[in-house]
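Numbering (UniProt numbering), first residue to last: 1 to 332.
We put the beta carbon where it would ideally sit given N, CA and C, even for glycine.
Reading through the structure tokens given below for one structure.
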Amino acid sequence: MEAATLQSTTILGSALPSIPWEERPVGNSDVVWRYSGNPVIPRDAIPTSNSIFNSAVVPFKDGFAGVFRCDDKRRVMNIHRGFSKDAVNWEIDPKPLEFSGDPEVTAFEYRYDPRVCWIEDRYYVTWCNGYHGPTIGVAYTYDFETFHQLENAFLPFNRNGVLFPRRINGKYAMVSRPSDNGHTPFGDIYYSESPDMEHWGKHRFVMGTKGGWQSTKIGAGPTPIETTEGWLLFYHGVLTSCNGFVYSFGAALLDLEQPWKVIYRTAPYLLAPQTLYECVGDVPNVAFPCAALTDAATGRIAIYYGCADTVTGIAFAQVDEVLSFLKANSEI
Ligand code: BMA
Numbered sequence: 001m002e003a004a005t006l007q008s009t010t011i012l013g014s015a016l017p018s019i020p021w022e023e024r025p026v027g028n029s030d031v032v033w034r035y036s037g038n039p040v041i042p043r044d045a046i047p048t049s050n051s052i053f054n055s056a057v058v059p060f061k062d063g064f065a066g067v068f069r070c071d072d073k074r075r076v077m078n079i080h081r082g083f084s085k086d087a088v089n090w091e092i093d094p095k096p097l098e099f100s101g102d103p104e105v106t107a108f109e110y111r112y113d114p115r116v117c118w119i120e121d122r123y124y125v126t127w128c129n130g131y132h133g134p135t136i137g138v139a140y141t142y143d144f145e146t147f148h149q150l151e152n153a154f155l156p157f158n159r160n161g162v163l164f165p166r167r168i169n170g171k172y173a174m175v176s177r178p179s180d181n182g183h184t185p186f187g188d189i190y191y192s193e194s195p196d197m198e199h200w201g202k203h204r205f206v207m208g209t210k211g212g213w214q215s216t217k218i219g220a221g222p223t224p225i226e227t228t229e230g231w232l233l234f235y236h237g238v239l240t241s242c243n244g245f246v247y248s249f250g251a252a253l254l255d256l257e258q259p260w261k262v263i264y265r266t267a268p269y270l271l272a273p274q275t276l277y278e279c280v281g282d283v284p285n286v287a288f289p290c291a292a293l294t295d296a297a298t299g300r301i302a303i304y305y306g307c308a309d310t311v312t313g314i315a316f317a318q319v320d321e322v323l324s325f326l327k328a329n330s331e332i
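This is the structure:
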């Protein structure tokens with residue numbers, strides 16, 4: 001625990017020394033650096049998959065569990081559970097998740113871009129859920145064996161719902177990205193809260209697009225990380241080039257009790273698609289973060305991100321370095 005007291009910014013959470021970690025390569029000065037073993041999940045980790053990306057992992061029992069976006073060879077988008085001892089080597093269930101709940105809500109159209117978030121006594125899964133257009137599906141599990149689906153959080157159209165890991169002022173809280181029914185050419189981040197995980201309201205604007213890498217749309221990435229200075233939110237930003245969308249990611253710091261208030265926000269990106277596995281795949285030039293594992297004792301963060309809509313990679317960061325960078329390079 002000594003390291004935690006030496007840091008200026010501390011993650012408010014559990015020590016978890018078993019998360020993946022690799023030091024920043026010599027000669028690299030990036031705040032976020034890639035794992036040398038990337039991609040960690042290949043596109044064909046299960047027999048039916050065309051691609052496995054934009055996936056979410058959490059600590060579970062003495063290892064890790066996750067919910068993975070697997071597009072199959074029909075190109076149907078669905079979500080599957082998986083387990084790992086080390087959070088690098090994953091066993092993914094070839095069968096998609098099945099949900100109990102109201103059949104009108106659980107009826108399958110498509111499911112993609114899952115997030116997983118531990119709140120109080122269970123894991124919640126949120127994802128982009130087809131229900132007469134994309135909206136945010138919500139379910140919970142205690143054990144990654146059975147999953148119970150709740151009402152969709154919002155009206156269509158919305159693609160990107162990310163829960164906060166604790167109630168804020170007594171309410172569940174979520175950030176999301178309202179959208180349209182196509183390959184949405186806009187997108188800002190909004191905050192909503194709920195007393196019961198089914199009725200969502202108090203919708204507040206958090207932040208919108210800015211120049212450069214985040215000029216077309218932005219959306220929340222992993223579950224926000226609670227720190228002594230605020231909620232650390234990694235988020236994706238999209239720019240439109242002559243050749244299509246380019247997805248990078250940066251970070252923002254949100255107020256702990258009023259998370260729609262942005263304290264800092266990175267003007268430069270933290271990671272942009274630059275390696276072969278981020279630039280070449282079914283959708284070129286995509287780095288799309290959906291999960292982060294943290295070790296509060298050391299301030300280490302392992303970010304899981306989808307690469308080119310094809311495979312999954314890991315990138316690393318130190319919480320105090322991210323905060324220093326945010327402070328020195330912020331434009332709200
Ligand atoms: C978004 C979602 C993501 C995907 C991204 C880039 O709209 O479909 O799953 O990673 O586009 O193609």
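Original post:
Is it true that the CB of T275 sits closer than 8 Å to the CB of N329?
Top reply: In the sequence shown, residue 329 corresponds to position 329, counting from 1. In the sequence shown, residue 275 corresponds to position 275, counting from 1. Not in contact: N329 and T275 (Cβ atoms no closer than 8 Å).
**OP:** Compute the distance between the beta-carbons of I79 and P114, then report whether it is under 8 Å.
**Re:** Here residue 79 refers to the residue found at position 79 of the sequence shown. Here residue 114 refers to the residue found at position 114 of the sequence shown. Yes, they are a contact pair.
**OP:** Pull up the CB-CB distance for N181 and F157, whole angstroms please, since I reckon it's below 8 Å.
**Re:** Position 181 of the sequence shown, counted from the first residue, corresponds to residue 181. Position 157 of the sequence shown, counted from the first residue, corresponds to residue 157. The pair is a contact, with the Cβ atoms about 5 Å apart (cut-off 8 Å).
Original post:
Cβ of Q149 within 8 Å of Cβ of G137?
Top reply: Sequence index remark: in the sequence shown, residue 149 carries index 149 (1-based). Sequence index remark: in the sequence shown, residue 137 carries index 137 (1-based). Yes, these two residues count as a Cβ contact at 8 Å.
**OP:** Under 7 Å Cβ to Cβ from G313, same chain only, skipping five residues before and after it: list those, please.
**Re:** Numbered from 1 along the sequence shown, position 313 holds the residue referred to as residue 313. R34, Y35, N38, P39, V40, Y277, Y305, C307, listed in sequence order.
Subject >> CB of R177 within 8 Å of CB of D188, strictly >> reply: As a first step, residue 177 must be located in the sequence shown, where it is residue number 177. As a first step, residue 188 must be located in the sequence shown, where it is residue number 188. Closer than 8 Å, so yes.
Original post:
Which residue from C117, T209, S55, A251 puts its Cα closest to that of L239?
Top reply: Walking along the sequence shown from the start, residue 239 turns up at place 239. Checking every option, the nearest Cα to that of L239 belongs to T209.
**OP:** Buried or exposed for F108, please, with buried defined as at least 16 other CB atoms from any protein chain shown within 10 angstroms of its CB.
**Re:** For the purposes of this step, residue 108 is taken as residue 108 along the sequence shown, with counting starting at 1. With fewer than 16 other Cβ atoms within 10 Å, it is exposed.
Original post:
From the DSSP output, which residues share a beta bridge with P134?
Top reply: As a working mapping, residue 134 is identified with position 134 in the sequence shown. Bridge partners of P134: G130.
Subject >> Check: Y123 C-beta below 7 Å from any heavy atom of the ligand BMA >> reply: The residue given as residue 123 occupies position 123 in the sequence shown. Not under cutoff, so the answer is no.
**OP:** Would you mind reading off the limits of the beta strand (DSSP E) that contains S51?
**Re:** What you label residue 51 is simply residue 51 of the sequence shown in a count that begins at 1. 49–60 is the span of the beta strand (DSSP E), which, as asked, contains S51.
Original post:
Can you give the Cα-Cα distance for T5 and S194, rounded to whole angstroms?
Top reply: By one-based count along the sequence shown, residue 5 stands at place 5. By one-based count along the sequence shown, residue 194 stands at place 194. Per-residue confidence for T5 stands at a pLDDT of 45, beneath the threshold of 50, marking its modelled position as unreliable; the derived number appears in the next sentence. Rounded to the nearest angstrom, the two C-alpha atoms are 35 Å apart.
Subject >> Runs of alpha helix (DSSP H) lying entirely within the segment 256–284, each at least 4 residues, in chain order >> reply: 276–279
Subject >> Pair within 8 Å by beta-carbon distance, V319 and A251 >> reply: For the purposes of this step, residue 319 is taken as the residue at position 319 of the sequence shown. For the purposes of this step, residue 251 is taken as the residue at position 251 of the sequence shown. Going by C-beta atoms, V319 is not nearer than 8 Å to A251.
**OP:** Compute every distance between the C-beta of Y269 and the non-hydrogen atoms of the ligand BMA, then say whether any falls below 7 Å.
**Re:** The residue you call residue 269 lines up with position 269 of the sequence shown. Y269: no, Cβ never under 7 Å from the ligand BMA.
Original post:
In this structure, what does DSSP give as the bridge partners for H148?
Top reply: The count along the sequence shown starts at 1 and reaches residue 148 at position 148. The partner list for H148 (beta bridge, DSSP) reads S100, Y140.
Original post:
Within the 8 Å Cβ cut-off, does E120 reach chain D?
Top reply: Included in the structure is just one protein chain, with no chain D present.
Subject >> Beta-carbon proximity check, V76 vs Y110, cutoff 8 Å >> reply: For the purposes of this step, residue 76 is taken as residue 76 along the sequence shown, with counting starting at 1. For the purposes of this step, residue 110 is taken as residue 110 along the sequence shown, with counting starting at 1. Contact flag set, yes.
Subject >> Alpha-carbon to alpha-carbon, A15 and A3 >> reply: Reading the sequence shown from its first residue, position 3 is the one you call residue 3. Reading the sequence shown from its first residue, position 15 is the one you call residue 15. Confidence in A3 is poor, its pLDDT being 44 and thus under 50, which makes the residue's placement too unreliable to answer from.
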